[in-house]
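S.K.:
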Amino acid sequence: MSVFNSSRLLGRNVLVTGASAGIGAAGSNVILCARRLESLKAVAEACTTAHKESGVKEGGNFPIVQLDVSDKQQVASLLDKIPENLRKVDVLVNNAGFVLGVERVGTIADSDIEAMFSTNVLGLISVTQLFVKEFKTRNAGHIINVGSVAGREAYAGGSIYCATKHAVNAFSGSLLRELVDTNIRVTEIQPGMVETEFSIVRFRGNKAAADKVYEGLQPLVAQDIAEEIVWAASRPPHVNIAELFVMPVNQASPTINYRGGK
Ligand SMILES: NC(=O)c1ccc[n+]([C@@H]2O[C@H](COP(=O)([O-])OP(=O)(O)OC[C@H]3O[C@@H](n4cnc5c(N)ncnc54)[C@H](OP(=O)(O)O)[C@@H]3O)[C@@H](O)[C@H]2O)c1
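Using my numbering, read the sequence shown as starting at 1168 and increasing by one per residue.
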């Protein structure tokens, strides 16, 4: 998809975690990181085709890196796995994340709690630590964290996911404040409902249950969020988009929506 054609991003190196599906996949011209290699290969091919069709000369490298952000050793060796000519990352997009289940507190499996926190929170923090250290030495760079409407407002049946996204919001806010005396930018994107593999993961592969989430309304698509990420990343260097809250026109909060319009 040709969403990376802003002139301010030409020739820039962008690293996206969670790039094998959904929101991450709609980005382009980037170092694509996720756990599933086969999906990453397909995304890289799609990016290469889109880049060729765009006619843009700069960029066009889409290396893939198998990365589980919750694995500290893999994060520690991440820079070594990036081709040397692309190691100077300009924009880091912390997109990897997921929700598991709708269980109420008291019945949530420990393994689900640990999985969500270790990717959505600890993984995001580890990857950010790695790049912020580097960005500080260059006094440049942009960290874009994908939060959620669930990081603004909690809902029943989403306690752990909401807690992780509230953590992303707090972490992004602290980082923004810590870096105020630098040229490093910090953005948090907070999407509402986006139809990706997100709900299929939540309902553990039950496609019918996932489809029900979007019944009767038009959700956002991955490209909508990718466009917001590109827009934030391509503002002039003195502009920092601190937060971007984006929802489908018929959604007003995690639980308030209108399903009669589709
Ligand atoms: N869809 C929505 O309604 C919605 C709303 C608000 C916020 N968000 C947020 O948007 C982000 C992207 O979600 P999405 O909707 O695009 O869902 P998705 O289609 O399920 O994509 C999630 C991506 O994260 C990757 N991922 C998961 N765990 C990972 C790990 N430990 N290490 C590295 N990569 C990992 C997955 O790839 P692998 O499985 O190959 O690793 C996949 O590429 C998430 O942070 C999510 O919380 C989504």
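The beta carbon of each residue, even a glycine, is placed where N, CA and C say it ideally should be. Quick caveat: nothing in here was measured; it's all calculated off a predicted structure.
Counting only the same chain and skipping the five closest in sequence on each side, list residues whose C-beta sits under 7 angstroms from that of residue 1374.
M.R.: If you number the sequence shown from 1, residue 1374 lands on position 207. The residues are 1367.
S.K.: Starting from residue 1302 and walking both ways along the beta strand (DSSP E), at which residues does that stretch end?
M.R.: Here residue 1302 refers to the residue found at position 135 when the sequence shown is read from its first residue. It is not in any beta strand (DSSP E) - residue 1302 instead sits in the alpha helix (DSSP H) that spans 1291-1305.
S.K.: Rounded to whole angstroms, what's the CA-CA distance from residue 1427 to residue 1323? Just pull it up for me.
M.R.: By 1-based counting over the sequence shown, the position of residue 1427 is 260. By 1-based counting over the sequence shown, the position of residue 1323 is 156. Separation of residue 1427 and residue 1323 (C-alpha to C-alpha, rounded to the nearest whole angstrom) is 23 angstroms.
S.K.: Quick check for students: name the residue ranges of the alpha helix (DSSP H) that lie wholly in the stretch 1372-1402, counting only runs of 4 or more.
M.R.: 1374-1380, 1389-1400
S.K.: Taking all protein chains shown into account, do 16 or more other C-beta atoms lie within 10 angstroms of the C-beta of residue 1160, making it buried, or fewer, making it exposed?
M.R.: As displayed, the chain neither begins before 1168 nor continues past 1429, which places residue 1160 out of reach and without an answer.
S.K.: Any idea if residue 1250 is buried or exposed, counting beta-carbon neighbours within 10 angstroms, 16 or more meaning buried?
M.R.: The residue labelled residue 1250 in the question sits at position 83 within the sequence shown. Exposed: under 16 other Cβ atoms inside 10 Å.
S.K.: Distance check for residue 1218 and residue 1178, CA to CA, integer angstroms please.
M.R.: If you number the sequence shown from 1, residue 1178 lands on position 11. If you number the sequence shown from 1, residue 1218 lands on position 51. C-alpha separation (whole angstroms): 12 angstroms.
S.K.: Once the 5 residues before and after residue 1408 are set aside, which same chain residues still bring their CB inside 7 angstroms of it?
M.R.: Residue 1408 sits at position 241 when you count from the first residue of the sequence shown. Cβ neighbours of residue 1408 beyond the five flanking positions: 1354, 1399, 1402.
S.K.: CB-CB under 7 angstroms to residue 1213, same chain, minus the five flanking residues each way: which ones, in chain order?
M.R.: Position 46 of the sequence shown holds residue 1213. Excluding the 5 residues flanking it on each side, residue 1213 has no same chain C-beta neighbour closer than 7 angstroms.
S.K.: What are the boundary residues of the beta strand (DSSP E) that residue 1241 is part of?
M.R.: The residue labelled residue 1241 in the question sits at position 74 within the sequence shown. Note, residue 1241: premise wrong, no beta strand (DSSP E); alpha helix (DSSP H) at 1239-1243.
S.K.: Pull up the DSSP beta-bridge partners for residue 1312, would you.
M.R.: Counted from its first residue, the sequence shown places residue 1312 at position 145. 1261, 1355.
S.K.: Residue 1396 and residue 1351 - do their beta-carbons sit closer together than 8 angstroms?
M.R.: Taking the sequence shown and counting its residues from 1, one reaches residue 1351 at position 184. Taking the sequence shown and counting its residues from 1, one reaches residue 1396 at position 229. Going by C-beta atoms, residue 1351 is not nearer than 8 angstroms to residue 1396.
S.K.: So which of 1186, 1361, 1223 has the shortest CA-CA distance to residue 1412?
M.R.: For the purposes of this step, residue 1412 is taken as residue 245 along the sequence shown, with counting starting at 1. The shortest C-alpha separation from residue 1412 is found at 1361.
S.K.: To which residues of the same chain is residue 1377 closer than 6 angstroms at the C-beta, ignoring the five residues directly before and after it?
M.R.: As a first step, residue 1377 is located in the sequence shown; it is residue number 210 there, counting from the start. Answer for residue 1377: 1366, 1367, 1370, listed in chain order.
S.K.: Beta carbon of residue 1363: closer than 7 angstroms to some heavy atom of ligand 1?
M.R.: Working through the sequence shown from its first residue, we reach residue 1363 at position 196. Yes, Cβ of residue 1363 sits closer than 7 angstroms to a heavy atom of ligand 1.
S.K.: Rounded to whole angstroms, what is the Cα-Cα separation between residue 1341 and residue 1252?
M.R.: Taking the sequence shown and counting its residues from 1, the one referred to as residue 1341 is at position 174. Taking the sequence shown and counting its residues from 1, the one referred to as residue 1252 is at position 85. Each residue's Cα considered, the two are about 31 angstroms apart.
S.K.: Using 8 angstroms as the cut-off, can you tell me whether the stretch 1298-1314 makes contact with the stretch 1252-1261, which would need three or more C-beta pairs spanning the two stretches below that distance?
M.R.: yes
S.K.: Using only CA atoms, which one of 1216, 1206, 1207, 1230 lies nearest to residue 1181?
M.R.: For the purposes of this step, residue 1181 is taken as the residue at position 14 of the sequence shown. Looking at the Cα atoms, 1230 is the closest of the given residues.
S.K.: Can you say whether residue 1204 is buried or exposed, counting buried as having 16 or more other CB atoms within 10 angstroms of its CB?
M.R.: As a first step, residue 1204 is located in the sequence shown; it is residue number 37 there, counting from the start. Exposed: under 16 other Cβ atoms inside 10 Å.
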